[in-house]
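Engineer:
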Amino acid sequence: NYPNVWAKQKADVHPPLYYAMVHTISSLFPNTFSVWFAGIINVIFAMLTLFVLRKTVRELTAKKELVFLASCCYVFSAGILSATTFLRMYIVAMFFTTLITYLFIKNVANRQRYFYPAIGAVSVLGALTHYYFVIYLLFICLVYGIGLIIKKSGKDILYFILTMGIAGLVSILIFPPMLTHTLGGGYRG
205 NYPNVWAKQK
215 ADVHPPLYYA
225 MVHTISSLFP
235 NTFSVWFAGI
245 INVIFAMLTL
255 FVLRKTVREL
265 TAKKELVFLA
275 SCCYVFSAGI
285 LSATTFLRMY
295 IVAMFFTTLI
305 TYLFIKNVAN
315 RQRYFYPAIG
325 AVSVLGALTH
335 YYFVIYLLFI
345 CLVYGIGLII
355 KKSGKDILYF
365 ILTMGIAGLV
375 SILIFPPMLT
385 HTLGGGYRG
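In our numbering, the protein residues as written are 205 to 393.
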């Protein structure tokens with residue numbers, strides 16, 4: 205009953221992806237309640253975030269010690285432990301934020317063939333997870349876009365604008381209430 209998830213999130217101020225995942229897992233175990241329905245999502249996304257963080261640091265430096273240090277800082281961070289055990293969408297949003305950062309860094313270092321479809325997909329998933337992701341996305345896209353303008357890469361500028369425009373449109377088509385949630389009309393907009 206996914207329309208129920210959409211209706212509840214429309215009344216709230218968060219997009220539906222995390223709650224759709226929780227709903228899916230809960231549906232596999234009818235008439236049962238467990239904190240692990242949401243907990244397993246958070247643990248999986250915390251581990252995925254660590255994996256992408258390590259790849260990002262490896263992209264920035266060849267020093268294994270720095271990759272290890274970044275991993276330790278992540279694993280033993282009170283904030284990460286809190287986000288993982290707080291049964292909400294924050295660790296999932298953190299994963300998409302880390303992943304989009306990695307994709308941009310990897311593409312700047314070495315042009316990636318599937319960069320635009322990848323950032324488009326991650327942008328949609330991140331926007332459907334938390335609106336704070338969209339704020340981060342705005343700034344990282346601004347920096348990347350300025351870099352494209354400086355390079356005078358017209359073809360890439362066009363692909364970038366089309367990709368992000370389509371990602372925004374798809375996000376809104378999937379969850380139209382995000383417009384009122386973010387641009388006004390919502391009780392926290």
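Even glycine gets a Cβ: it sits at the ideal position worked out from N, Cα and C.
What you are looking at is a predicted structure, and each value in this text was computed from that prediction instead of being measured.
Going by DSSP in three states, H218 sits in which element: helix, strand or coil?
Structural biologist: H218 falls in the coil class under three-state DSSP.
Engineer: With a Cβ-Cβ cutoff of 8 Å, do Y306 and T367 count as a contact?
Structural biologist: For Y306 and T367, no; Cβs fall outside 8 Å.
Engineer: Whose C-alpha, out of P219, F308, Y336 and V226, is nearest the C-alpha of C345?
Structural biologist: The candidate whose alpha carbon is nearest that of C345 is F308.
Engineer: Reducing DSSP to helix, strand and coil, say where Y316 ends up.
Structural biologist: Strictly speaking, residue 316 in this sequence is Gln, with Tyr absent from that position. Of the three classes helix, strand and coil, the one that applies to Q316 here is coil, per DSSP.
Engineer: With the cut-off set at 8 Å, would you say S281 and L332 are in Cβ contact?
Structural biologist: Cβ atoms of S281 and L332: not closer than 8 Å.
Engineer: Assuming V326 and L303 make a contact with CB atoms under 8 Å, what is their CB distance in whole Å?
Structural biologist: Indeed they touch by this definition, with Cβ atoms about 5 Å apart.
Engineer: Using the C-alpha atoms, what's the distance from S357 back to V217?
Structural biologist: For V217 and S357, the distance between alpha carbons rounds to 38 Å.
Engineer: Consult DSSP for M293 and reduce its assignment to one of helix, strand or coil.
Structural biologist: Coil at M293, not helix or strand.
Engineer: Name the two residues that bound the continuous alpha helix (DSSP H) containing N246.
Structural biologist: From DSSP, the alpha helix (DSSP H) with N246 extends over W240 to L264.
Engineer: In three-state terms, what does DSSP make of S327?
Structural biologist: In this structure, S327 counts as helix in the three-state DSSP scheme.
Engineer: For N205, which three-state DSSP category applies?
Structural biologist: Here N205 sits in coil by DSSP.
Engineer: Write down the C-beta distance between Y223 and V239 rounded to the nearest angstrom, noting that I regard them as a contact closer than 8 Å.
Structural biologist: 15 Å between Cβ atoms; not a contact.
Engineer: Would you kindly check if the distance between the Cβ of G330 and the Cβ of F300 is under 8 Å?
Structural biologist: A contact, by the Cβ cut-off of 8 Å.
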